[in-house]
Amino acid sequence: MEYRYGSHTVYQIEYHFVWVTKYRYKVLSGEVAERVRELVRQTCEAFEIRIVKGVVSKDHVHILVSSPPGLAPSEIMRRIKGRTASRLFEEFPHLKKRYWGQHFWARGYFCATVGQMTEEMIKQYLEHHFEPNPNDNFKMEPD
């Protein structure tokens, strides 16, 4: 488990994202796939998002990222999908013909949080932090 540090925070937030091309067209190969990988890297770097692992498949992308606490998952996806789509259309004119509506990626995406601590570990820590009172789920530190 690797903690990251901000000016006033210590955090370890990881997300697993998967998103697909519109209509699941298998266009992510060769130069297009290389460029997608590079654009995702550049976008993540610009927003201090670390890519832990990633794979560009023919019709979808998987990435595992470590993100600062100020970025919501929806914002991460908005930035990655928006930047990559606009640049791909600029650099590969044949994609404009295939995607005449100017939408390269499908609307949705998959996101799951990845954590090192289980719910049970957190509950045990909180149970033993102060004097146990089995009837109270939200305790206060004694005076």
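Be aware that the sequence shown starts at 1, since it is given in full-length UniProt numbering, and climbs by one per residue.
All residues carry an ideal CB built from backbone N, CA and C; glycine is no exception.
Query	Result
Reduced DSSP category for T43 - H, G, I as helix; E, B as strand; rest coil	helix
Residue from T9, C111, V40, I51 whose Cα sits closest to the Cα of A72	C111
Chain-order list of residues whose beta-carbon lies under 7 Å from that of D143 (same chain, five-residue window excluded)	Confidence in D143 is poor, its pLDDT being 48 and thus under 50, which makes the residue's placement too unreliable to answer from.
Entirely enclosed alpha helix (DSSP H) segments - the UniProt domain "Transposase IS200-like" (10-129), minimum 4 residues	30-46, 73-91, 93-98, 119-127
Of the listed residues R24, T43, V10, F92, nearest to Y109 (C-alpha basis)	R24
Helix, strand or coil at Y3 according to DSSP, with G and I counted as helix	coil
Burial state of Y3, where buried means 16 or more other Cβ atoms lie within 10 Å	exposed
Proximity winner among K58, P68, K97, relative to H8 (alpha-carbon distances)	P68
Rounded straight-line distance, which links the Cα of E127 to that of I76	35 Å
Between the CA atoms of R107 and I63 - distance to the nearest angstrom	17 Å
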